[in-house]
Structure formats: structure tokens, C-alpha cells
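Asks: Residue numbers (my numbering), protein chains in the order written: chain D, 44 to 295; chain Z, -10 to 496.
Here a beta-carbon is modelled for each residue, glycine too, at the ideal position from N, C-alpha and C.
I have a structure here, written as C-alpha cells, and I will follow up with some questions on it.
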Ligand SMILES: Nc1ncnc2c1ncn2[C@@H]1O[C@H](COP(=O)(O)OP(=O)(O)OP(=O)(O)O)[C@@H](O)[C@H]1O
Ligand SMILES: [Mg+2]
């Protein structure tokens, strides 16, 4: 479970997260949506303690990511939005390192790597330097290393960007299975179709504030909109803005 | 129209930003009139002091005075510019610019400016003050002219060599052979100054009296020594100095071209590893895998590897007179030098932090304590110190007990200072995700680290000399001899440091 209690984060004059209180339940897939710069990545980083909230509290399984950083990082699997990896290590070397960091027994680790390599079609890349791989393949490694230690809370920041359709499909299945096993899964995306197809629960933030949360069906009834895109445009107030903009641009 | 000044400003800011030092106590990069000099103020002051002493040498022999100052400039020039330039390539600092329709000339100018900004200007002040001081003392104003020409041509030469070296070793290379070659190239670059000086030393000390005249003539024809004699109007020196200036300009041009091609990506294409192996095996050697990882990163970064090897061997070279000279009885003196050798080895741990580069951000995502990073970096180099300490033993085989003591002292001292320096660096790194680079640590910090090391080494040496002092002044022989006392000190020091640096905070 992952909970935000009245969390505020400022970067200089910019308020990236503006008093958000929200709870992501275990056993469900949560989509975190919002326009560019609305604070999604900042929220995710705060769950890992790499970004510190100015006020309010983040709780990961009841633990604080700042004061309990080591424990929290053991239960969280996080794949950042940017590719942050050791480019001059091979995949095998990376996993050797991670195995010891997380203290996973060798047998178990090997089994897990075999599983992940097969799942994400990385078997041919095990002995290549990560820097030599393509962008999508690097993204897969990020996701795989987030899954490696069997985290209770899985946080994926735009995991689908750059993945081919087949691997994208595999990832969706994986997330489903993972949530069904009682873990918390949170991911962000700009592709609303993916969110609609995968997520049990949708959370929409805008300008650092929470603007909607609920299952797609609940939101559809509440907002009276046909699909997630219309919901999104309505709750963020972007629809009227957009209409105005287009009217001016098109000169209607 | 974006001009080169603006571009260099952007590049410097980018380097700064990635280093995670946006705010805080770190010196702000401010471009503007005079800031080029201001940013080099410390080096200019330091080099000027140093250079003025060469000025006195100039009064007795312009060729030797300006010549040695020149060799210094070349040496410092190469060791400072080559790494800075290679950083730009390996950190892909210029990538965003290469996609833009910017004027190539402008970018090139800004690259040069940045090199000058990051310490290049200071180099001129190794030779200039010597020339000025010499000119004032001997009333020969031509010295200033030729000294300036020398300073400029050596600056061009060292930046040119820096460009070439900087464009060689891309960080990633799947091929062991090309890695070994580029490591050797870097070693050559780094030891260039030393080799040059050794050769000169040799030619001075070994020239018999009779041929002194001819060897002096010869020297006056060889740049950078020729510049000093050119001021006296010797035609041969004038010609050779001007030819050298021309050569430096050409090398600078060639180097800049090469570097430019490296930046425009052609040369940075990573050659894919040969065959696809489906077999894989998790690391299962004697070393913990974080240590193994740190060693791997080091091995795959030729420049850092070269600079580490270099630092490990300096103490050995420094001690070589004891092995090969006729001073056998002074073995225990080597023992007393060991804390100082340890400081050299210890400072190399910084290289391991620098090899992390922008990948260091990955560490912030993991459940790792600061102490465990301190330990794994220190241990990685301690592993490399083992063969060196064996070398000490082998070199002193004729007195096995002392050889063993020296080897042990080297190892203990290396471990102690590796942990100490590793800790000092770790504590300096930003708390929030950042790339680790020279900018992250800041120049002042390296100095502080060296200072701490020196104080520690100084205290240990001083304490170990107490028995010797007592015997000498009071005639009483203590049961514990100086060398043995030092060993005990080193043992305690390394144990205490290893224990105290085990910081349990998360990174
Ligand atoms: N390191 C930083 N320094 C300054 N401002 C930052 C920093 N990181 C984020 N911000 C600001 O915080 C706000 C929220 O950024 P964040 O990355 O969380 O948005 P996001 O919802 O993930 O956007 P996107 O969909 O584009 O990934 C933005 O206005 C951004 O400019
Ligand atoms: Mg984001």
C-alpha cells in the first residue's frame, strides 16, 4: 500500500505537488495520469525517498521513505522515467550486483533472472554491455530490475514508452499477475487506452493537485463522459481550454 | 545568432547541473569580463610563485630556466586538459548541441574557451613569471618576448595533445584489445612529463666534462630549451623555436579536428560485441559483487584505469633508489615512508567515484548505505594494492623480514587511506540524485582531502620516530624500534578507519 498525506513539494517557485492526499491500495493496478509537468514523477520519486516532501507525509507499507529509506527501498521496485542504468556493465553483471544489494539467495536469483529474461526477451542480451542496447531494450532492463527483488510496491514511471507491442502486452500481463498476488502496482502513462485497458483504478492529477480518482466506470458515471479521454479532458478543465485555443487558431 | 561565448556558458552550466551542485556553497560559474582570469586565480597565483623561482635559474642559464619551466607547463597542461576534454566526449555533454544548426566555428571556439576556463589559462603562468623575473634581473627584455612565445606554443601543444587523447578512448568499448590500447595511450600521456624529465636528467648527469660544450649546444637547439637561448639571439635557437611554435599550432589544429570528429559522433559508435552468447552466470568469485562491479567499471574506463595504475606506481618509483641504489641499509627508511605512499594510493579512490559518472544516479534507487559504498570502493582498490605490495616484497627479497614488513606496511597504509579518502568523498556527495563528476566534488575538496591525509601521515611518521629520537638524544634503546612502531600504528589506523567509516545512513 502506498499513501500520500497532504504532501507538498516545491522546486523554487514551482509547486510540483500541491497538498495531495491519496491512497493506492494493494491488489490493484493504479494508473497515475496527468498532463506534462503535473507532478506524477515527483510523486513517484517521493515514494522512494529520492525526493523529499516539503511537508506532509508519504507512507510505503506504513514506513516513511526518508527515515526508513533502506527498508522502503527493499519493498519498492521503481523504474524511473529516464533511463538510469550502468551503461558499462553487462546485464549479467548488473544482476550480480543487484542480487547482493538486495540479498537474494543465488538459486532464487538465477531462477528469477531466467524468468525475467524469458519474459522480456532479453536472453540474447545477457552478456552485452547495456550501453550497446537499443532504447526499448534499456527500458525493459529498467522494468526487469524493478521486478527483480519481488517488491511489494511496484512503481513504474511511463514503463510502456519505447516498448514494442509484444513486450508491452507481456508487461500488462505481468502487472496484472503481480497485482493479483496482493501487491500494489502504480504506473504512469500518457496513453489513455493503455490506462483504460489495464488499470483497476485511475488517479488524475493536474498542476500538483488531485482532480479525480476511481475506477473507469465510477468516473464515467460521475463525470458523464464516454471514455477515459473525455474524462481526462473534463476533469482537468483542458477541454474548454482546448476548444478556445482551437477556435482562435483555426479562426472559427 | 548564438555566439561561442554563450555556448561555452551553456556547456559549463550543463556540467555544473549534472554534477548536482546547483545551489549551496559551490562557487557559481559567472561568465563576464575578467572571470576567465578570476576562475583561474588560485592556479595562476600558485604557478606564479613556483615559476618565479625558475626566474633565478634564468639569470644563470636562460635555456635551462625557461626550458624546465616549459616542461612543467607541458606536463601540467597535458594532465589537466586531456581529462577535461575526454569528459566532454564521454559524458556526451555536447550531444544536444550537435543536433542544432550551429556554426561549427562557434562551437569550436567555445570548446577552447572552456578548456582555458577550466584551468588552461593558469598554465601560461608557469613560464611567464619566470621570463619576466629573468628579464628584470638580467636586463634582457627579449626574454619576455621569447618566454611569451614559449608559453603560448606549449599551451597550444598541450591542448592539442589533450584534444587527441580526449578523442581516443570512448568510455564504452566492447573490445578488450582496444581498451588495453587506450589505457596504454592514457598512461603514456600521463607519464609523458616524467619521461621527458628523466631523459633530461640523464643527459645532464651523465655527460662527461669534455662533451659538455657540445651537449649544451645541442640543448640550445631543442625546444623548449631553445626559447631561452633565442633571447640571446642565437640563430639556431631562433629557428628551432619558431619551428616549434609552428609545429604546436599544427598539432593544435590537427587535435582540434580529431576531437571535433569524435564529438560529431562518428568515432563514438560502439562496436557491438562479436558473438551472441546465451550462457550467463552470476558472479561467484571471492569478492563481494559490489566490489566486482566497481572493478568492472574501472576496467572499462581506460582513462580512469590508467590514472589509477599511475598513482599506484608512483610510490614504487619514488622508492626505487632504495632498491637499486647503494643505500641498502636504509630499508627501514622505506618503512617510515609508507604512510606517505598510502596517501597516494588512497587518493586514487576518487577515480572509482568518477567512473560512476552519470550512472551514479542508479545507486540512489537502491537500499544501499553510504558505508557500503565507501567500503566497496576502498576494497576494489585494496585488491589492486595486493600485487603492488608483493612487488615491494620481491624487490627486498634479500632481507626477507624487512621486505615482508614493508609489504605489510604498504598494504595496511593503503587500506587505511583508501577507506579514509573514500569516506571523505562519500560524505561530500549530494544527498539527492546526481551524477558524480569533478564538478560534484569541487576543486577545494581534493585539497582538503590531501591535507587531511598529510596530517594523518605526518602524525604517524612523527610518532614512529620517537624511539629513534630517544635513542639518539638519551642513548636509551626502547624495546620497540621505529619501523615496528609504525607497523603497529598503521594496523591501528587502518582498523579504526575501517570501523569508523561504516556509515549506516542510506545514500
Ligand atoms: N529537479 C527539478 N528541479 C526543478 N523543478 C522540477 C524538478 N523536477 C520536477 N520539477 C518541476 O515539477 C513539476 C512536476 O514535474 P514532474 O516531473 O513530476 O511532472 P510529470 O507529471 O511527471 O510530467 P511528465 O508527464 O512530463 O513526465 C514540473 O513543473 C517540473 O518542472
Ligand atoms: Mg514524469
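Based on DSSP bridge pairs, tell me the residues matched to residue 47 (chain D).
Replies: Its beta-bridge partners are D:65, D:101.
Asks: So, does the region 469 to 489 of chain Z touch the region 369 to 377 of chain Z, judging by three or more C-beta pairs under 8 Å?
Replies: No, because fewer than three Cβ pairs between the region 469 to 489 of chain Z and the region 369 to 377 of chain Z fall closer than 8 Å, the two stretches do not touch.
Asks: Select from D:53, D:255, D:251, D:196 the residue whose C-alpha is nearest the C-alpha of residue 218 (chain D).
Replies: Selected option, being the one with the closest Cα: D:196.
Asks: Answer yes or no: the CB of residue 84 (chain D) versus the heavy atoms of ligand 3, is any distance below 7 Å?
Replies: For ligand 3, the structure offers nothing, since it holds only ligand 1 and ligand 2.
Asks: Please look up how many angstroms separate the CB atoms of residue 395 (chain Z) and residue 327 (chain Z), rounded, as I've assumed it's under 8 Å.
Replies: That belief holds up - the Cβ atoms of residue 395 (chain Z) and residue 327 (chain Z) are roughly 7 Å apart, short of 8 Å.
Asks: Just the chain D side, please: which residues come within less than 8 Å of residue 491 (chain Z) by C-beta, in chain order?
Replies: Under the 8 Å cutoff, chain D gives no residues; its nearest Cβ is about 14 Å from residue 491 (chain Z).
Asks: What are the start and end residues of the beta strand (DSSP E) that includes residue 230 (chain D)?
Replies: Residue 230 (chain D) -> beta strand (DSSP E) spans 227 to 231.
Asks: Would you check whether ligand 2 has a heavy atom nearer than 7 Å to the C-beta of residue 421 (chain Z)?
Replies: Checking every heavy atom of ligand 2 against the Cβ of residue 421 (chain Z), none is found closer than 7 Å.
Asks: Note down, in chain order, all residues in the region 128 to 143 of chain D with a beta-carbon under 7 Å from any beta-carbon belonging to chain Z.
Replies: Residues passing the 7 Å Cβ filter: 128, 129, 130, 131, 132, 135, 136, 138, 139, 140, 142, 143.
Asks: Answer yes or no: the CB of residue 125 (chain D) versus the heavy atoms of ligand 2, is any distance below 7 Å?
Replies: Checking the Cβ of residue 125 (chain D) against ligand 2 gives no.
Asks: Straight-line CA distance for residue 215 (chain D) to residue 241 (chain D)?
Replies: Answer to the nearest angstrom: the Cα atoms are 7 Å apart.
Asks: Under a Cβ-count criterion, where at least 16 other Cβ atoms within 10 Å of its own Cβ denotes burial, should residue 38 (chain Z) be classed as buried or exposed?
Replies: That one is exposed.
Asks: Could you check whether the Cβ of residue 74 (chain D) sits closer than 7 Å to any heavy atom belonging to ligand 1?
Replies: Outside the cutoff, so no.
Asks: Evaluate contact between the region 116 to 127 of chain D and the region 64 to 79 of chain D, counting only Cβ atoms and requiring at least three cross-stretch pairs below 8 Å.
Replies: No, the region 116 to 127 of chain D does not touch the region 64 to 79 of chain D.
Asks: Could you run through the region 162 to 194 of chain D and flag, in chain order, every residue whose CB is less than 7 Å away from some CB of chain Z?
Replies: Those would be 166, 167, 169, 170, 171, 172, 174, 175, in chain order.
Asks: Spatial neighbours of residue 133 (chain Z) within its chain, please: CB distance less than 7 Å, with the 5 preceding and 5 following residues excluded, ordered by chain position.
Replies: Taken in chain order, the residues that qualify are 120, 121, 124.
Asks: With a threshold of 8 Å between beta-carbons, can residue 238 (chain D) be considered close to chain Z, or not?
Replies: No, its Cβ sits nowhere closer than 8 Å to a Cβ of chain Z.
Asks: Considering Cα atoms alone, identify which of Z:387, Z:145, Z:127 is closest to residue 50 (chain Z).
Replies: For residue 50 (chain Z), the nearest C-alpha among the options comes from Z:127.
Asks: As an exercise, report each continuous beta strand (DSSP E) stretch of at least 3 residues that is fully enclosed by the region 148 to 215 of chain D, in chain order.
Replies: DSSP runs (the beta strand (DSSP E)) wholly in the region 148 to 215 of chain D: 196 to 200.
Asks: For residue 55 (chain D), which residues from the same chain have a beta carbon less than 8 Å from its beta carbon, with the 5 sequence-adjacent residues on both sides left out?
Replies: Cβ neighbours of residue 55 (chain D) beyond the five flanking positions: none.
Asks: Closest by CA to residue -6 (chain Z), which one among Z:218, Z:68, Z:92?
Replies: If we check each option's Cα against that of residue -6 (chain Z), Z:92 comes out closest.
Asks: Determine the contact status of residue 498 (chain Z) and residue 363 (chain Z), defining contact as a CB-CB distance below 8 Å.
Replies: No statement about residue 498 (chain Z) is possible, as the shown extent of chain Z runs from -10 to 496 and does not include it.
Asks: Going by CA-CA distance only, name the one from Z:149, Z:444, Z:424, Z:355 that's closest to residue 63 (chain Z).
Replies: Of Z:149, Z:444, Z:424, Z:355, the residue nearest in Cα terms is Z:149.
Asks: For the structure I just gave you, are there three or more beta carbon pairs, one from the region 107 to 123 of chain D and one from the region 153 to 169 of chain D, closer than 8 Å?
Replies: The region 107 to 123 of chain D, when compared against the region 153 to 169 of chain D, does not touch it at the 8 Å Cβ threshold.
Asks: Residue 279 (chain D) and residue 330 (chain D) - do their beta-carbons sit closer together than 8 Å?
Replies: The structure shown does not extend to residue 330 (chain D), since chain D spans only 44 to 295, so no value can be given for it.
Asks: Starting from residue 121 (chain D), find everything on chain Z with Cβ-Cβ shorter than 9 Å and list it in chain order.
Replies: Per Cβ cutoff of 9 Å: 354.
Asks: Quick check: is the beta carbon of residue 293 (chain Z) nearer than 8 Å to any beta carbon in chain D?
Replies: Not an interface residue.
Asks: From the beta carbon of residue 117 (chain Z), is the nearest beta carbon of chain D less than 8 Å away?
Replies: So no, residue 117 (chain Z) is outside the interface.
Asks: Note down, in chain order, each residue of its chain lying with its Cβ closer than 6 Å to the Cβ of residue 46 (chain D), except the 5 sequence neighbours on either side.
Replies: Result list for residue 46 (chain D): 66, 102, in chain order.
Asks: Can you name the residues of chain Z whose CB is closer than 8 Å to the CB of residue 153 (chain D)?
Replies: The contacting residues are 271.
Asks: Is there at least one non-hydrogen atom of ligand 2 closer than 7 Å to the beta-carbon of residue 200 (chain D)?
Replies: Residue 200 (chain D) Cβ: within cutoff of ligand 2.
Asks: With H, G and I counted as helix, E and B as strand and the rest as coil, what does DSSP make of residue 20 (chain Z)?
Replies: Any reading at residue 20 (chain Z) is ruled out, since the residue's pLDDT is 49, under 50, leaving its predicted position unreliable.
Asks: Expressed to the nearest angstrom, what Euclidean distance is found between the alpha-carbon atoms of residue 168 (chain D) and residue 267 (chain Z)?
Replies: One C-alpha to the other measures close to 8 Å.
Asks: Which one of Z:165, Z:494, Z:109 has the shortest CA to CA distance from residue 141 (chain Z)?
Replies: Residue Z:109 is the option with its Cα nearest to residue 141 (chain Z).
Asks: Just to confirm before moving on: does the CB-CB distance between residue 408 (chain Z) and residue 344 (chain Z) stay below 8 Å?
Replies: Cβ atoms of residue 408 (chain Z) and residue 344 (chain Z): not closer than 8 Å.
Asks: Grouping DSSP H, G and I as helix and E and B as strand, with all else coil, what is residue 279 (chain D)?
Replies: In the structure shown, residue 279 (chain D) sits in coil (DSSP, three-state: anything other than H, G, I, E or B).
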